[in-house]
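Asker:
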Amino acid sequence: MELQDHAGAGHDALMAARNQLLALAAENPELTRVRHNGLDDSPQLQIDIDQRKAQALGVAIDDINDTLQTAWGSSYVNDFMDRGRVKKVYVQAAAPYRMLPDDINLWYVRNKDGGMVPFSAFATSRWETGSPRLERYNGYSAVEIVGEAAPGVSTGTAMDIMESLVKQLPNGFGLEWTAMSYQERLSGAQAPALYAISLLVVFLCLAALYESWSVPFSVMLVVPLGVIGALLATWMRGLENDVYFQVGLLTVIGLSAKNAILIVEFANEMNQKGHDLFEATLHACRQRLRPILMTSLAFIFGVLPMATSTGAGSGGQHAVGTGVMGGMISATILAIYFVPLFLCAGAPPLPAEAAPGISNKKGDMPMCRLFQLSD
44 MELQDHAGAG HDALMAARNQ LLALAAENPE LTRVRHNGLD DSPQLQIDID
94 QRKAQALGVA IDDINDTLQT AWGSSYVNDF MDRGRVKKVY VQAAAPYRML
144 PDDINLWYVR NKDGGMVPFS AFATSRWETG SPRLERYNGY SAVEIVGEAA
194 PGVSTGTAMD IMESLVKQLP NGFGLEWTAM SYQERLSGAQ APALYAISLL
244 VVFLCLAALY ESWSVPFSVM LVVPLGVIGA LLATWMRGLE NDVYFQVGLL
294 TVIGLSAKNA ILIVEFANEM NQKGHDLFEA TLHACRQRLR PILMTSLAFI
344 FGVLPMATST GAGSGGQHAV GTGVMGGMIS ATILAIYFVP LFLCAGAPPL
394 PAEAAPGISN KKGDMPMCRL FQLSD
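As numbered in my numbering, residues 44 to 418 make up the sequence shown, in order.
1. If you draw a straight line from the C-alpha of L393 to the C-alpha of D319, how long is it?
2. Using 8 Å as the cut-off, can you tell me whether the segment 323–331 makes contact with the segment 239–252, which would need three or more C-beta pairs spanning the two stretches below that distance?
3. By a C-beta neighbour count over all protein chains shown, 10 Å radius and 16 as the cutoff for buried, is F344 buried or exposed?
4. Could you work out which residue in L264, S184 and Q94 is closest to E45 when comparing CA atoms only?
5. When burial is assigned at 16 or more other CB atoms within 10 Å of the CB, is D122 buried or exposed?
6. Can you check whether the C-beta of L282 is within less than 8 Å of a C-beta belonging to chain B?
7. Taking the C-alpha atoms as reference points, what is the distance between F381 and V186?
8. Does the beta-carbon distance from Q87 to E171 come in below 8 Å?
9. Which residues in the same chain as L149 place their Cβ atom closer than 7 Å to its Cβ, once the five residues preceding and following it in sequence are excluded?
10. Go to L298, then tell me how far its alpha helix (DSSP H) extends in each direction, as first and last residue.
11. Taking the CB atoms as reference points, tell me whether M368 and A350 lie closer together than 8 Å.
12. Along the chain, where does the alpha helix (DSSP H) that runs through R61 open and close?
13. Identify the residues that DSSP records as bridge partners of E171: which are they?
14. Three-state secondary structure (DSSP) at R95?
15. Do you know offhand how far Q94's Cα is from A192's?
16. Measure the alpha-carbon distance for A362 versus M279 and round it to whole angstroms.
17. With DSSP run on the structure shown, which of helix, strand or coil describes Q211?
18. Quick one: what's got a C-beta closer than 6 Å to L243's C-beta in the same chain, skipping five residues either side?
19. For the segment 329–340 and the segment 299–311, state whether three or more C-beta atom pairs, one from each stretch, are separated by less than 8 Å.
20. Contact defined as beta carbons within less than 8 Å: I believe S118 pairs with P175. What is the distance between those atoms, to the nearest angstrom?
21. Drop a sphere of 10 angstroms on the beta-carbon of G354, count the other beta-carbons inside from all chains shown, and report buried for 16 or more, exposed for fewer.
22. Within its chain, find whatever has a CB closer than 8 Å to the CB of G72; leave out the 5 residues flanking it on each side and keep chain order.
23. Does any heavy atom of the ligand NAP sit closer than 7 Å to the C-beta of A192?
24. Measuring straight from C-alpha to C-alpha, what distance separates P267 and L386?
25. By DSSP, does T75 sit in helix, in strand, or in coil?
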């Protein structure tokens with residue numbers, strides 16, 4: 044993350060805010076190894092140029108900069124041939140005249156008239172503390188902060204904590220997430236909307252398939268059962284809600300809906316042939332139990348090696364395998380009982396031309412007979 048100086052308070056205020064933030068982070072047990080990424084402030088020689096004096100003496104700023112660069116650093120002049128080899132020529136002040144800060148008073152710069160003007164006539168030097176590297180992010184002075192979440196704490200929780208700590212700093216300071224943290228924040232903000240749109244599209248497709256608004260609910264209401272299992276399994280293993288888990292969650296949503304569709308489709312076909320919805324649902328559960336168990340167990344045992352893998356890349360495999368296993372186990376066990384309940388509870392009243400032998404008294408809903416099954 045980048046700690047930014049939005050108010051232009053200056054370098055010293057930014058460093059004070061940085062130190063305050065690091066102290067607050069060090070006191071929080073859910074954060075670890077929070078530090079600034081860079082070098083600490085170091086002594087620097089500040090040269091102040093009086094531009095009015097320099098202009099009065101006929102000295103150009105470009106000439107002053109060139110002289111400083113040549114004296115302290117070096118300037119490339121040209122090449123020359125030396126015994127068949129090309130060598131470069133650099134100009135630099137002699138070592139005895141560039142070792143001390145006061146040596147600047149011994150230098151001269153040529154003015155526009157060709158005269159030599161001493162630096163002491165328009166320049167002064169002083170020592171101060173400053174950053175070796177001046178950082179800016181999105182146009183603001185900034186300092187980079189890095190850190191990690193403590194074991195057992197998700198990165199999302201750690202990021203929320205850092206945002207709350209930044210709010211305790213003086214006014215005018217804010218943060219911006221960068222690198223993987225920025226991508227995580229961006230994807231996390233979009234995930235709920237994407238999941239909602241996906242579920243809406245699936246619901247509309249099922250509504251068009253069954254030509255009903257109530258039947259698709261019996262399929263969609265199974266999705267939370269699988270999601271609960273995936274979240275519970277991930278939490279029990281101490282894993283994070285990362286992109287690998289989200290991929291596994293999408294898989295669980297699809298497989299949970301598939302199991303529900305196996306029952307709903309069969310029951311819907313029998314109901315259209317004139318059978319009572321309650322009897323059709325029970326018959327569908329008996330007929331589709333074996334295919335549901337076979338496909339679910341095959342998928343659970345298929346991802347078992349991912350959930351128990353070791354070695355390189357095992358972290359991502361654990362997230363996918365654990366989420367899918369937990370979701371499929373809960374969706375398979377609970378769907379067998381809840382899909383018939385959802386299907387009968389959301390069914391409309393029986394039509395007048397009900398199948399022979401089926402009661403059609405007022406108030407005789409499939410939901411009522413579902414609870415009478417145990418009598």
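Just so you know, even glycine gets a beta-carbon here, dropped at the ideal spot from N, CA and C.
Values in this document were obtained by computation on a predicted structure and should not be read as measured data.
Answerer: Once the coordinates are examined:
1. In this predicted model, L393 has a pLDDT of only 44, less than 50, meaning its place in the structure is not dependable enough to derive any value.
2. Under the Cβ criterion (8 Å, minimum of three pairs), the segment 323–331 does not count as touching the segment 239–252.
3. By the beta-carbon neighbour count (other beta carbons within 10 angstroms, threshold 16), F344 is exposed.
4. With distances taken between Cα atoms, E45 lies closest to S184.
5. With fewer than 16 other beta carbons inside 10 angstroms of its own, D122 counts as exposed.
6. In summary, chain B is missing from the structure at hand, where a single protein chain is found.
7. If you take the alpha carbons of F381 and V186, they lie about 54 Å apart.
8. E171 is positioned such that its CB atom lies closer than 8 Å to that of Q87.
9. The beta carbon of L149 lies closer than 7 Å to those of Y140 in the same chain, with the five residues before and after it left out.
10. For L298, the uninterrupted alpha helix (DSSP H) segment begins and ends at V286 to Q315.
11. For M368 and A350, yes; Cβs fall inside 8 Å.
12. First-last of the alpha helix (DSSP H) with R61: H54 to E70.
13. DSSP, once it has assigned bridges, lists Q87 as partnering E171.
14. Helix.
15. If I take the Cα positions, the gap works out to 51 Å.
16. Computed Cα separation, rounded: 12 Å.
17. It is coil, neither helix nor strand.
18. For L243, where only same-chain residues beyond five positions count, there are no Cβ hits under 6 Å.
19. Contact between the segment 329–340 and the segment 299–311 is present: 3 or more CB-CB pairs across the two stretches fall below 8 Å.
20. Between the beta-carbon of S118 and that of P175 there is about 23 Å, and that puts the pair past the 8 Å contact cut.
21. Around the beta-carbon of G354, fewer than 16 other beta-carbon atoms lie within 10 Å, marking it exposed.
22. The residue you asked about is not Gly; residue 72 is Pro in the sequence shown. Close CB contacts of P72 within its chain, under the 8 Å cut and outside five residues either way in sequence, are with A193 (chain order).
23. No copy of the ligand NAP appears in this structure; indeed no ligand is present at all.
24. Across the structure, P267 and L386 are spaced so that their CA atoms are roughly 16 Å apart.
25. Here T75 sits in strand by DSSP.
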